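These notes are about the structure you will find just below.
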Amino acid sequence: MSDSIKRRHFMAALGSLVAGASLAPSPARAATAPPRTPLSRAPGQLAPLYDVLVIGSGYGGAVMAARLAPGRSLAVLERGKEWSPDAFATGLVDTLAQFRTASAPLGLFDYRAGGTIDVLSGNGVGGTSLINSSVVLAPDRDIFGRWPQAIQNAYATGAMDAYEARVRTMLGADSVTEADALRKSWFHLSTTAARKRQGAPVQPRALPIAVNLRRYQGQPNAQGVWQAACTHCGDCVTGCRVGAKNSLDVNYLPLARSGGAQIFARIEVDWIERLPDGRWRVHYLARPDNGPAVAGSVVAASVILAAGSLGSTQILLRSQARGLALSPALGTRFSTNGDLLGLAYNTRVQTNVMGFGAAPAPFGLKRVGPTITSMADYRAAGTPVAQRYVIQDAAIPSALVDALRLAMPLAAPGGSDFPALQRIARDAAKRGTDGALNHSMVYLGIGHDSASGKVELDANGNARVLWPGISKEPFGQRMRAEMALHAQAFGGRYADSPRSSPLFGGAMTTVHPLGGCPMADRVEDGVVDADGRVFNPRGGGQTAQAVYPGLRVIDGAIAPASLGANPLLTIAALAERAAERFSQ
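According to numbering that gives the first Met the number 0, the residues represented by the sequence shown are 0 to 583, in order.
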């Protein structure tokens, strides 16, 4: 697929980036941040041998690096570059320029357009934490039936609670309160309360998010990284320019560096091989600041794959093609985590969902808030797991506001009363904040799919997802119907993400890819065991489940099923557990 076609699909799925009374005036801009001390080193400083190599710097890799670095020679290899807050995009053109392609491999947004599923993830030091909504939400404790018995027991007995608490502390999880007076939160919680009065099994809830809402006011955080407080600008998912987001480059990764880890950006791992002495050789492509990419390799006693669902699966598929024996389950159980994007368009109520970024708020715009702050929780006790889901509110990042002003009347056609038509006309003229778009609400639904997707390599050796039946999964129909009822509560019209329409290819979009290297108790059913250790199908008998010494996968790829919640807390907590058990 050409870069230009991918860009059109990306534009059609703009909502994927959102993944999404009187108010106080917009807060002042954050104080100018001092230059950050770089976390990463130049590729040329990579040593030939390490005790541990961590491939990827997202929630799995950052946690493992932070916990394992003391007392070991450890390196983190990240394919993307290191981003400073002022390098994030401020407009649509700049945002598209940060779209990762074959000709621009260091782009921030890794958007993989597929036939039926598109996948969005982050590319840089900190992984997807750079562009996500930072929601720190725990899954239900009874959804782990397809996981290894040890993981089921850990959740059922409360053993995972301590790991989750550790993650919440490290990420500085906090919640928006009524005192923050965010209109979009009020809107979403109001429609949720209305649905509850109508008999829906739902609870309105504020969400914990990894954002510095108020703790640090232009000062160093616990890891010595300067942070400003959130300005409620709504631009979390295009990169926080004010330095308020608690992405991994301000907590776990600085902790890893202070513990002795060497962090390398611009190094993309291709494949791995096991050496005769049991160590591992990692083959990579390094992209220096100047000059062409350079192929190389590095050896380690232990390798931890933490490159994300598609990234880690891709590396193992390439390695399998070169002779590494792996489970037949490699590439299976891919899940979108039940992601669904929708929008309540042109309601009677102003919602303040239009982001304004690090610049002063235009047109006297009231503060928007972090991208996601509240949810409608349909996970009531007694509800079958497959029927549980949440619907979260979302802001529109400033880079996409003008494009969506013009696009949404086409995406949500239909009859309107005169005030609604007036609001559409104001958007066409790009007048202020009283148009149709700022009377809308973006929804991110998260539920449970069947995890029936398959990851394989295309002709160029890159991971792609195959799932012909994804559009028929019942979670989508269930959430669309409920989102439409939310929209109707204030006279709005429901619209799907444009990318899911037949005009733009009819593809689902996920910002929470899971699976590909699923956990299991047996090599026949999974790629890794409960500790993330990679099974060796040639190493055991009928009952023994042999693993490769020194090879692990610790990221979203190991999830064998959807979580029904934003996955960052689960991934990081599993990494905390795996790190604790690393030497056992």
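Heads up, the beta-carbon is just placed ideally off N, CA and C, and yes, glycines get one too.
Only a predicted model underlies this, so the values are computations on that prediction, with no experimental measurement involved.
Measuring C-alpha to C-alpha distances from Gly295 to each of Leu568, Ser561, Ala153, Gln44 identifies Gln44 as the nearest. A direct Cα-to-Cα measurement between Tyr162 and Arg66 gives close to 12 Å.
Two segments are said to touch when three or more pairs of C-beta atoms, one from each, lie closer than 8 Å; by this definition the segment 116–123 does not touch the segment 543–552. For Glu267, DSSP records a beta bridge to Leu284.
Distance from Ala228 to Leu247 at the Cβ level is roughly 19 Å; contact not present, criterion being Cβ atoms closer than 8 Å. Listed in chain order, the non-local C-beta contacts of Arg317 below 8 Å within the same chain comprise Asp269, Trp270, Leu456, Gly460, local neighbours out to five positions each way being set aside.
Taking Ala300 as reference, the option from Met440, Gly307, Arg278, Gln319 with the minimal CA-CA separation is Arg278. Rounded to whole angstroms, the Cβ separation of Leu436 and Met407 is 6 Å, and the two are in contact under 8 Å.
At a Cβ-Cβ threshold of 8 Å, Pro467 and Thr230 do not count as neighbours. At the C-beta level, Met440 and Asp392 come within 8 Å of one another. The straight-line gap separating the alpha-carbon atoms of Leu403 and Lys195 is approximately 30 Å.
Non-local beta-carbon contacts of Glu472 in its own chain, meaning distances under 6 Å to residues more than five positions away in sequence, involve Asp448 in chain order. Between Tyr344 and Ala243, the gap from beta carbon to beta carbon reaches 8 Å or more. In this structure the segment 563–573 does not lie against the segment 341–357, because fewer than three pairs of beta carbons, one per stretch, are closer than 8 Å. Within the DSSP bridge table, the entry for Lys244 names Val210 as partners. The beta-bridge partner set that DSSP reports for Trp82 is empty. Bounds of any beta strand (DSSP E) do not take in Met63; it lies within the alpha helix (DSSP H) bounded by 58–67. C-alpha of Arg422 to C-alpha of Thr89: approximately 25 Å in a straight line.
Per DSSP, reduced to three states, the secondary structure at Gly121 is strand.
Arg286 is not a Cβ neighbour of Leu399, given a cutoff of 8 Å. In this structure, Pro396 is the residue among Pro536, Pro396, Thr36 with its C-alpha nearest to the C-alpha of Cys232. Distance from Arg182 to Asn351 at the Cβ level is roughly 4 Å; contact confirmed, criterion being Cβ atoms closer than 8 Å. Leaving aside the five residues that flank Ala137 on each side, the residues in its chain whose CB is nearer than 7 Å to its CB run, in chain order, Glu163, Ala564, Leu568. Around the Cβ of Gln313, a 10 Å sphere holds 16 or more other Cβ atoms; the residue is buried. Ala486 and Arg477 have their C-alpha atoms roughly 15 Å apart. Comparing C-alpha distances from Thr176 to each of Ala578, Ser373, Met482, Leu315 shows the shortest one belongs to Ser373.
In this structure, DSSP gives Val166 a helical state, which the three-state scheme calls helix.
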